[in-house]
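Right, one structure below, let's go through it.
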Amino acid sequence: MTKPKILLQFDTDSHASSFDAVVATDAGVDTLLQYAKVNTENVEGLVHGAMFTRGPEDLHRTAIFVGGSDVAAGEAVYERIEKCFFGPMRVSVMLDSNGANTTAAAAVLRAAKHLDLSQTTALVLGGTGPVGQRVARLLLQAGATVRLSSRQIDRARAVCDAIAARIDCGQRLSAVVGSEAIDGCDAVFACGAAGVQLLSADELAGSNVRLAIDLNAVPPVGIEGVDVMDRGKSRQDRIDYGAIGVGGTKMKIHRAAIQRLFESNDQQLDAEAIYAIGQSV
Numbered sequence: 260m261t262k263p264k265i266l267l268q269f270d271t272d273s274h275a276s277s278f279d280a281v282v283a284t285d286a287g288v289d290t291l292l293q294y295a296k297v298n299t300e301n302v303e304g305l306v307h308g309a310m311f312t313r314g315p316e317d318l319h320r321t322a323i324f325v326g327g328s329d330v331a332a333g334e335a336v337y338e339r340i341e342k343c344f345f346g347p348m349r350v351s352v353m354l355d356s357n358g359a360n361t362t363a364a365a366a367v368l369r370a371a372k373h374l375d376l377s378q379t380t381a382l383v384l385g386g387t388g389p390v391g392q393r394v395a396r397l398l399l400q401a402g403a404t405v406r407l408s409s410r411q412i413d414r415a416r417a418v419c420d421a422i423a424a425r426i427d428c429g430q431r432l433s434a435v436v437g438s439e440a441i442d443g444c445d446a447v448f449a450c451g452a453a454g455v456q457l458l459s460a461d462e463l464a465g466s467n468v469r470l471a472i473d474l475n476a477v478p479p480v481g482i483e484g485v486d487v488m489d490r491g492k493s494r495q496d497r498i499d500y501g502a503i504g505v506g507g508t509k510m511k512i513h514r515a516a517i518q519r520l521f522e523s524n525d526q527q528l529d530a531e532a533i534y535a536i537g538q539s540v
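Numbering (my numbering), first residue to last: 260 to 540.
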């Protein structure tokens, strides 16, 4: 008899996310086990419970989802989980704390629909945040030139150095401050904190940007003049996407990634793997 698909939801917050639970259910998980306040100190026993209760031939029917609002905490838990595995004794794991991986993948996939990313120069506003960093990484891996923006140039440079250590991007990545580097950009992504405007309508109108993607749904939006509901909306000579407009793609990717976890027991779904799944959605 085929064993049920069990997903262990490891959340670093005090309450496991209801959002992630609903998506997992809609993705066809048979049994969802939720755990809150998961950290690097207590996760090992939970992982061992997932690893040692089924034989190797059935481990693809068990998987782990790492979530929570703190992306850095989720990354640390994700890394600790991977260290628990050995040989065939492992299960597939997906990291999507604060929705950073699925949101970034959706944003870059929307951009790829309209632009040849290998010929694109993009400004990533709020680029030092978790979503911004992932958007930058995915753009660079698609061949784009990226200007990563922050309010503090030292912070932007530090993040650029970290990305460059991970990705061979040559001279295609640079650190900038605010929206000052929008001239010459084909695309702009707003990935900053909720309720913070990063680009004014006048700045956008005065540029040659052909694609604007704003991932902030909380007023004021990150890019003035882009509506949260925009989904490929044509304005002047530009295509606009708002947070909810990108959200539909994000949800499809999230569900597809959960389903992918159960195809084998060796899936490691971070930003790049999730983006690849999105390309087939």
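Heads up, the beta-carbon is just placed ideally off N, CA and C, and yes, glycines get one too.
Contact check for D289 against K264 passes: the beta carbons are separated by less than 8 Å. Residue G443 holds the alpha-carbon nearest to the alpha-carbon of V468 among R414, P478 and G443.
If you look at Q400, you'll find it in the alpha helix (DSSP H) that goes P389 to Q400.
Counting along the chain, the unbroken beta strand (DSSP E) around V435 starts and ends at L432 to V436. For K492, the secondary structure class from DSSP, reduced to helix, strand or coil, is strand. If you compare the alpha carbons of Y337, G327 and G304 with that of G358, the shortest gap goes to G327. Note on geometry: alpha-carbon atoms of M260 and L374 lie some 48 Å from one another. Annotated three-state conformation of S408 is strand, per DSSP. In this structure, the beta-carbon distance from I503 to I536 does not fall below 8 Å.
Membership of I482 in any alpha helix (DSSP H) is not indicated, and neither H nor E is assigned to it by DSSP. Counting along the chain, M310 sits inside the alpha helix (DSSP H) bounded by residues V302 to M310.
Under DSSP, A322 takes part in a beta bridge, and its partners are L266 and S351.
Comparing alpha-carbon positions, the option among D329, M353 and G437 lying closest to I533 turns out to be M353. Three or more beta-carbon pairs separated by less than 8 Å link the segment 413 to 425 to the segment 383 to 399, which places the two stretches in contact. The continuous beta strand (DSSP E) containing L291 extends over residues T290 to Y294. DSSP, reduced to helix, strand and coil, places T271 outside both helices and strands of the structure shown, so it counts as coil.
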